[in-house]
Amino acid sequence: MERVRAMRIGRGERAPRKPLLLLFALGRFQRDGGAPIPFATAEDPVDALLHRFASAQRYGGAHHPFHHLANDDRLWTVETPQGPGSPGPSARTLRSSRATGRLHPELLRELAADPGLPARLVRFLLAEHFPAQQHADICREVGLDPAQAA
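If you read the sequence shown in full-length UniProt numbering, its first letter stands for residue 1, the second for the next number, and so on.
Okay, here's the thing in structure tokens:
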């Protein structure tokens, strides 16, 4: 939980890109476990989330958080068939290199060991970064039970 609290976001302004990607990844975790998420698979749904909940014109596309979240302490990893590490921040590069992202292995272990942790992370991310009236809609969009927002 402390790593999520310490996540680097915006400079004193609302910056929901990384929180939306984490919520998307938590939804995938609940459905698919810790399987890698190809950027090509995540791009459209995360772009839609950004457009709906973060004003995509201002916050760019899915490539921004997909690449930059890996710079935060043990939350997210990016790799390509050539090995670990993001190939770069552009959508074209992430697509062409067949980049995948996933929750960091340490975070995956913590989520597996503590069945209540996913819901606590969801509630924290929603409360810290989004207006209450968006919580249930965000949960539905990322495949989480809206009751987790309560």
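Using N, Cα and C, we set each Cβ at its ideal position, and we do this for glycine too. All of these numbers come straight from a predicted model, not from anything done at the bench.
Beta-carbon gap between residue i and residue j smaller than 8 Å
| i | j | result |
| --- | --- | --- |
| Pro89 | His67 | yes |
| Pro19 | Leu117 | no |
Close Cβ partners of residue i (< 7 Å) along its chain, the five nearest in sequence each way excluded
| i | result |
| --- | --- |
| Gln134 | Phe53 |
| Arg17 | Leu50, Ala54, Tyr59, His64, Pro65 |
8 Å contact criterion, which residue i and residue j should meet: CB distance rounded
| i | j | result |
| --- | --- | --- |
| Phe24 | Val46 | 6 Å |
| Leu21 | Val122 | The Cβ separation is near 13 Å, so there is no contact. |
Of the listed residues the options, nearest to residue i (C-alpha basis)
| i | options | result |
| --- | --- | --- |
| residue 167 | Leu126, Gly33, Thr100 | For the chain, the structure presents residues 1 to 150; residue 167 sits outside this window and is missing. |
| Thr77 | Glu141, Thr93, Pro38, Gly61 | Pro38 |
| Asp72 | Thr80, Ala91, Ala42, Leu107 | Leu107 |
| Thr80 | Asp44, Leu144, Asp32, Pro36 | Pro36 |
| Gly34 | Asp44, Arg109, Ala62 | Arg109 |
Own chain, CB closer than 6 Å to residue i, minus 5 neighbours either side, in chain order
| i | result |
| --- | --- |
| Pro131 | none |
| Glu43 | Ala62 |
Residues near residue i in its chain [Cβ-Cβ closer than 8 Å; skip 5 each side]
| i | result |
| --- | --- |
| Gln148 | Pro118, Ala119, Val122, Arg123, Cys139 |
Segments assigned beta strand (DSSP E), at least 3 residues, entirely inside the UniProt domain "ScoMcrA-like DNA sulfur-binding" (2-145): 76-80, 100-103
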